[in-house]
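Q: I am attaching a structure below and will ask some questions about it afterwards.
Numbering (our numbering), first residue to last: 3 to 126.
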């Protein structure tokens, strides 16, 4: 498991034992959380895929992801802890994340179908 996965698990464990629901001063917005979690999912998914091209995300390290989103691990951990301690809000974030991942999957499936048809037509 990578560092971000450990941070997610740690945040969930702490959230379950923490009854203090005060907002951290450096709280990520819901959209920022969705964007960050989206990137985590894409990177982790690509790590499980044996890609022979130069577009393999396996070598992306966690610091790159934090730099891209202009946050640090503490801000993410505090935000994750806060949202995890507010289940309705956390479920809302994950529902939006799931919707966004489904949209990406559908668009890639459509693109693959189009390329398959073009390839099949060119072989005729």
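The beta carbon of each residue, even a glycine, is placed where N, CA and C say it ideally should be. For clarity, every value in this text was computed on a predicted model and none was experimentally measured.
Quick check: residue 82 and residue 26, are their CB atoms within less than 7 angstroms of each other?
A: Mapped onto the chain shown, residue 82 falls at position 80. Mapped onto the chain shown, residue 26 falls at position 24. Taking 7 angstroms as the cut-off, the beta carbon of residue 82 is found no closer than this to the beta carbon of residue 26.
Q: What is the rounded straight-line gap between the Cα of residue 42 and the Cα of residue 95?
A: For the purposes of this step, residue 42 is identified with residue 40 of the chain shown, where counting begins at 1. For the purposes of this step, residue 95 is identified with residue 93 of the chain shown, where counting begins at 1. Whole-angstrom Cα-Cα distance: 14 angstroms.
Q: Does the segment 113-121 come within contact of the segment 59-77, defined as at least 3 CB pairs closer than 8 angstroms?
A: no
Q: What would DSSP say about residue 116, mapped onto helix, strand or coil?
A: As a first step, residue 116 is located in the chain shown; it is residue number 114 there, counting from the start. Of the three classes helix, strand and coil, the one that applies to residue 116 here is helix, per DSSP.
Q: Is it buried or exposed for residue 87, if we count other Cβ within 10 angstroms and need 16 for buried?
A: To locate residue 87, count along the chain shown from 1; it is residue 85. It counts as buried.
Q: Ordered along the chain, which non-local residues of its own chain (more than five positions away) have a Cβ less than 6 angstroms from that of residue 38?
A: Position 36 of the chain shown holds residue 38. Answer for residue 38: 71, listed in chain order.
Q: What first and last residue would you give for the alpha helix (DSSP H) that runs through residue 75?
A: As a first step, residue 75 is located in the chain shown; it is residue number 73 there, counting from the start. From DSSP, the alpha helix (DSSP H) with residue 75 extends over 75-86.
Q: When you compare only the Cα positions, how much space is there between residue 75 and residue 105?
A: Numbered from its first residue, the chain shown carries residue 75 at position 73. Numbered from its first residue, the chain shown carries residue 105 at position 103. So the alpha carbons of these two residues sit roughly 28 angstroms apart.
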